[in-house]
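Residue 143 in the working numbering sits at position 111 of the sequence shown, and the numbers go up by one each step.
Ideal Cβ positions, reconstructed from N, Cα and C, are used throughout, including at glycine.
Remember, predicted model here, so these are calculated numbers, not experimental data.
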Amino acid sequence: MSQITNSLKSICIIRLSSIGDITHMIPIIQTLKYYLPKTNLTWIIGKTEYSLVKNIENIDFVVIDKNNLLSAIRALRTIKDNKYDVLLHMQVSFRSNIISTFINAKRKIGFDSTGSKNLHSFFINERIDSTYGIHVMDAFFCFLSKIGLDDKNFKYDMNIKLNNILNLKEKYIVINPFTSSRRFNYREWDIGNYNIIIDYLHRNYKISSIIIGGNSEYELEKSTLFNNKAYVINMVGKTDLEDAYNLIRLSELYIGPDSGTLHIASMLKKPVIGLYATSNPLRTGPYYEMKYTINKYPEALKIFNNKTKHSSIWGERVRNKNAMSLIKTQDVINSIDKILNF
């Protein structure tokens, strides 16, 4: 660690969303806290995402309601007179770029050119090294390398109260079939497939399933498919992030496409069966263990984008809702058997 890094008195961080990326941010925050204990840390974060990390100590949070511009401006005014040694500008959305103009910092460090969009380059004066070919979390650690901190601390102490919210004694798994409230989300697997998986788990392992998801009309309507099974508990729309954290914490394994709760499961070191066809799990998959992940991305890239990993850009998505059909129920069953036949 350099002498310059040790001299940093204050660091401001912009990362508003999403839930999955916020889980990737936690080791970044814990690394800064551990190696720079005398440095004041300010984290500008979205209102929903804040609920997951609000109990982390020794962080000054500036909470932004992304749906309320006036509220966001009022929140930013609370730090308008602060002077920071460094701004870690860790999001390239247009909203985040605008927020960065409220921050008085000598150094404004942002993404490299390949990871930059929405005029991000105009809002920074330094760039991290190339993030091509690496996982999102490793890209975040590049920001720490830029300030001379190459050590990593993967501690996930968020001070969330542990709670068996359903008072369950039997074993169960957690499934989140949803990735977004958008009705035609191309990352979602056909919801009927989950019933086959649920039946298999109950028949062969006597394990129940808990379904989680948001409270959108779309998710609530789709989740009614699971209401007629005694060995399924439908918790869609009934949990906040802390509840989801605790449900996953006590589960045997997690199944679902790329979503915030998938990354919570990964963070908790649970066996994760990630369902990937429309995005590259090497970039956005469960960070700690991908041996159970179903990866149909190379196949989908060839079929629907007419590209290979060599002709596509890093992080390119397959925006075709038929791509997820490349994942078969037997693929998931095979991963289940690997996990539970121990």
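Report task. Express the C-alpha separation of residue 340 and residue 358 in angstroms, rounding to a whole number. Result -> As a working mapping, residue 358 is identified with position 326 in the sequence shown. As a working mapping, residue 340 is identified with position 308 in the sequence shown. For residue 358 and residue 340, the distance between alpha carbons rounds to 16 Å.
Query raised in the report: What does DSSP give as the partner residues of residue 155 in its beta bridges?
Result: Here residue 155 is taken as the residue at index 123 of the sequence shown, counted from 1. According to DSSP, which records beta bridges pairwise, residue 155 is partnered with nothing at all.
Report task. Identify, in the order they occur along the chain, each residue of the same chain with its Cβ nearer than 8 Å to the Cβ of residue 246, setting aside the five sequence neighbours on each side. Result -> In the sequence shown, counting from the first residue as 1, residue 246 sits at position 214. Same-chain partners within the cutoff: 210, 213, 268 and 269.
Report task. Examine the Cβ distances between the segment 50-62 and the segment 83-96 and report whether three or more of them are shorter than 8 Å. Result -> yes
Query raised in the report: Nearest CA to the CA of residue 118: which residue from 158, 108, 153 and 81?
Result: By 1-based counting over the sequence shown, the position of residue 118 is 86. Nearest C-alpha to residue 118: 158.
Query - Span of the beta strand (DSSP E) around residue 76 - result: As a first step, residue 76 must be located in the sequence shown, where it is residue number 44. Residue 76 -> beta strand (DSSP E) spans 72-78.
**Report entry** Rounded separation between residue 123 and residue 236 - CA only
**Finding:** In the sequence shown, the residue the question calls residue 123 occupies position 91. In the sequence shown, the residue the question calls residue 236 occupies position 204. Answer to the nearest angstrom: the Cα atoms are 44 Å apart.
Query - Close Cβ partners of residue 202 (< 7 Å) along its chain, the five nearest in sequence each way excluded - result: Taking the sequence shown and counting its residues from 1, one reaches residue 202 at position 170. Excluding residues within five positions, the ones whose Cβ falls inside 7 Å are 240.
Query - residue 272 in three-state terms, based on DSSP - result: As a first step, residue 272 is located in the sequence shown; it is residue number 240 there, counting from the start. In the structure shown, residue 272 sits in coil (DSSP, three-state: anything other than H, G, I, E or B).
Query - Supposed close pair residue 63, residue 184 - CB separation, criterion 8 Å - result: Counted from its first residue, the sequence shown places residue 63 at position 31. Counted from its first residue, the sequence shown places residue 184 at position 152. Indeed they touch by this definition, with Cβ atoms about 6 Å apart.
Query raised in the report: Nearest-angstrom Cα distance between residue 302 and residue 132?
Result: The residue labelled residue 302 in the question sits at position 270 within the sequence shown. The residue labelled residue 132 in the question sits at position 100 within the sequence shown. Between residue 302 and residue 132, the C-alpha separation is close to 36 Å.
**Report entry** Of the listed residues 225, 163, 288 and 253, nearest to residue 219 (C-alpha basis)
**Finding:** For the purposes of this step, residue 219 is identified with residue 187 of the sequence shown, where counting begins at 1. Checked all of 225, 163, 288 and 253; the closest Cα to residue 219 is 288.
Requested in this report: On a CA-only basis, which of 167, 168 and 130 is nearest residue 152? Give me that one, please.
Outcome: Taking the sequence shown and counting its residues from 1, the one referred to as residue 152 is at position 120. Cα-wise, what sits closest to residue 152 is 130.
**Report entry** residue 206 vs residue 286 beta-carbon contact at 7 Å
**Finding:** One-based indexing of the sequence shown puts residue 206 at position 174. One-based indexing of the sequence shown puts residue 286 at position 254. Yes, Cβ-Cβ distance for residue 206 and residue 286 is below 7 Å.
Requested in this report: Would you identify the three-state DSSP class for residue 306, choosing helix, strand or coil?
Outcome: Taking the first residue of the sequence shown as position 1, residue 306 is located at position 274. Looking at residue 306 - three-state DSSP - the assignment turns out to be strand.
Query raised in the report: Taking the alpha carbon of residue 109 as the point to measure from, which residue in 263, 76, 254 and 172 has its own alpha carbon closest?
Result: Position 77 of the sequence shown, counting from 1, holds the residue named residue 109. Selected option, being the one with the closest Cα: 76.
Query - residue 48 to residue 81 span [Cα, whole Å] - result: On the sequence shown, residue 48 is found 16 positions in, with the first residue counted as 1. On the sequence shown, residue 81 is found 49 positions in, with the first residue counted as 1. Roughly 7 Å between the two C-alpha positions.
Query raised in the report: What is the residue span of the alpha helix (DSSP H) that residue 117 lies within?
Result: Along the sequence shown, one-based indexing puts residue 117 at 85. Note, residue 117: premise wrong, no alpha helix (DSSP H); beta strand (DSSP E) at 115-121.
**Report entry** For residue 257 and residue 227, believed in contact at Cβ under 8 Å, the rounded distance
**Finding:** Here residue 227 corresponds to residue number 195 of the sequence shown, with the count starting at 1. Here residue 257 corresponds to residue number 225 of the sequence shown, with the count starting at 1. About 7 Å; that satisfies the 8 Å criterion.
Query raised in the report: Just the Cα atoms here: how many angstroms apart are residue 52 and residue 113?
Result: If you number the sequence shown from 1, residue 52 lands on position 20. If you number the sequence shown from 1, residue 113 lands on position 81. Answer to the nearest angstrom: the Cα atoms are 31 Å apart.
Query raised in the report: In terms of residue numbering, what span does the alpha helix (DSSP H) encompassing residue 124 cover?
Result: Counted from its first residue, the sequence shown places residue 124 at position 92. That residue, residue 124, is in no alpha helix (DSSP H); it is neither H nor E in DSSP.
Query raised in the report: Around the C-beta of residue 154, are 16 or more other C-beta atoms found within 10 angstroms, so that it is buried, or is it exposed?
Result: Here residue 154 corresponds to residue number 122 of the sequence shown, with the count starting at 1. Counting Cβ neighbours within 10 Å, residue 154 comes out exposed, since fewer than 16 surround it.
Query raised in the report: From what residue to what residue does the beta strand (DSSP E) around residue 206 run?
Result: Walking along the sequence shown from the start, residue 206 turns up at place 174. Run containing residue 206: 204-207, per the beta strand (DSSP E) assignment.
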